[in-house]
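A.B. asks: Below you will find the structure I want to go over with you.
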Amino acid sequence: MQLRLIFIGLGIVVYLSMACIFGDKKFRWLNNKIQI
Numbered sequence: 005m006q007l008r009l010i011f012i013g014l015g016i017v018v019y020l021s022m023a024c025i026f027g028d029k030k031f032r033w034l035n036n037k038i039q040i
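Okay, so the sequence shown: first residue is 5 according to our numbering, each after it adds one.
Okay, here's the thing in structure tokens:
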């Protein structure tokens with residue numbers, strides 16, 4: 005259970021870092037929707 009949460013967390017971090025690097029409109033829309 006905890007390992008799964010860690011992998012999900014890492015996936016979110018990687019996704020957000022990619023969003024920052026590429027700055028795509030889709031990523032911005034998703035970031036606004038998620039807002040961690």
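For glycine and all other residues, C-beta sits at the position ideal for the given N, C-alpha and C.
Consult DSSP for residue 22 and reduce its assignment to one of helix, strand or coil.
C.D. replies: Looking at residue 22 - three-state DSSP - the assignment turns out to be helix.
A.B. asks: Hey, out of 9, 15, 20, whose CA is closest to residue 2's CA?
C.D. replies: Residue 2 lies beyond the range of the chain shown here (5 to 40); nothing can be said about it.
A.B. asks: Expressed to the nearest angstrom, what Euclidean distance is found between the alpha-carbon atoms of residue 18 and residue 9?
C.D. replies: Looking at the two C-alpha atoms, the distance is approximately 14 Å.
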